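Residue 1 is where the sequence shown starts when you use the working numbering, and the numbers rise one by one after that.
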Amino acid sequence: ATMFEGIIIWSGRPQNGPKAPPGKYEARITVNGVTKSKNFEVKMDPRLKGVSERDLKEQFQLASNIRDKTSSANEAVIQIREIRDQINNRLKKTKDRQINKTSKEVIADLTEIEEALYQTKNESGQDPLNFPIRLNNRFASLRRSVETGDARPTNGAYKVFDELSVELKDHLDMLDKTLAKSLKKLNDQLTSERLDPISAISKN
1 ATMFEGIIIW
11 SGRPQNGPKA
21 PPGKYEARIT
31 VNGVTKSKNF
41 EVKMDPRLKG
51 VSERDLKEQF
61 QLASNIRDKT
71 SSANEAVIQI
81 REIRDQINNR
91 LKKTKDRQIN
101 KTSKEVIADL
111 TEIEEALYQT
121 KNESGQDPLN
131 FPIRLNNRFA
141 SLRRSVETGD
151 ARPTNGAYKV
161 FDELSVELKD
171 HLDMLDKTLA
181 KSLKKLNDQL
191 TSERLDPISA
201 ISKN
């Protein structure tokens with residue numbers, strides 16, 4: 001999953017990809033412009049009882065989907081922080097009251113979304129004990145649960161994934177709305193003062 005500097009999440013190693021299910025694969029490595037490949041096969045553990053290849057593929061697919069949602073949440077946090085840094089930079093270059101007012105409104109809206117996606121109070125590995133986990137950590141915790149053992153995900157896991165996905169969509173829709181309206185308003189004001197507009201395109 002996409003990560004960002006200083007992130008603290010309790011869920012193992014969310015930056016790593018899910019374990020590949022049984023099947024045939026090709027590994028590629030490129031060094032100094034030269035690419036080499038090797039075919040290999042991941043086989044079922046013969047000690048597993050009552051578990052099919054289809055079960056493990058479903059486990060892999062759900063874990064991959066959770067990883068992608070975690071990345072979306074984290075990428076939104078990165079985008080919000082980059083925009084906020086730009087706004088603070090512009091505020092140092094002007095004393096215009098309207099720009100100051102609109103900037104504070106945009107920052108407040110962005111911060112509300114950020115704090116729904118990530119627990120911004122986390123500063124050490126123990127802090128998740130003291131502060132409620134947010135959406136990205138809830139996704140990552142679900143993935144850890146799904147990947148525990150070798151088995152098909154439970155119906156409950158799919159239900160939680162769907163619920164978290166709806167919640168994430170709501171926050172991302174709110175972010176898009178803020179960028180389309182509030183940030184556009186701020187950029188119009190900045191342009192009128194001959195200041196560079198804020199870019200909503202993440203550098204990452």
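Glycine included, each C-beta is placed from N, C-alpha and C at the ideal position. Treat the numbers as computed from the prediction; the structure is a model and nothing was measured.
Considering only the beta carbon of each residue, do residue i and residue j sit closer than 8 Å?
i	j	result
L175	I198	no
A116	R134	yes
V146	A157	yes
G23	V42	yes
E75	T2	yes
M44	E53	yes
Count the other CB atoms within 10 Å of the CB of residue i; is the residue buried (16 or more) or exposed (fewer)?
i	result
I99	buried
Y25	exposed
N137	buried
F40	exposed
V34	exposed
N16	exposed
DSSP puts residue i in a beta bridge; with which residues?
i	result
G23	V42
T148	Paired residue(s): none; T148 is not in a bridge.
S37	R28
Compute the Euclidean distance between the alpha carbons of residue i and residue j, then round it to the nearest angstrom.
i	j	result
L179	S64	28 Å
L110	L48	48 Å
G149	K19	11 Å
L190	A200	14 Å
K185	S103	10 Å
L91	I66	38 Å
R81	R28	35 Å
D68	N89	32 Å
K70	Y118	In the sequence under discussion, the amino acid at residue 70 is Thr, which differs from the Lys named in the question. Cα to Cα, T70 sits roughly 10 Å from Y118.
P170	R194	For the sequence presented, residue 170 should be read as Asp rather than Pro. The alpha-carbon atoms of D170 and R194 are separated by roughly 34 Å.
N187	R84	13 Å
K177	V106	11 Å
K38	F60	22 Å
K181	S192	17 Å
K95	K159	50 Å
P132	T154	25 Å
P46	L62	23 Å
K121	D196	31 Å
N32	P21	31 Å
K101	A108	11 Å
K36	L172	40 Å
How close, in whole Å, do the beta carbons of residue i and residue j come, if the pair is a contact with beta carbons under 8 Å?
i	j	result
F161	A73	Actually they are not in contact, since the Cβ atoms of F161 and A73 sit about 13 Å apart, beyond 8 Å.
D55	R144	About 18 Å separates the two Cβ atoms, so there is no contact after all.
E112	V77	With 8 Å as the limit, E112 and V77 do not qualify as a contact, their Cβ atoms being about 13 Å apart.
L168	L142	Wrong, their Cβ atoms sit about 12 Å apart, outside the cutoff.
S202	Q86	The Cβ separation is near 11 Å, so there is no contact.
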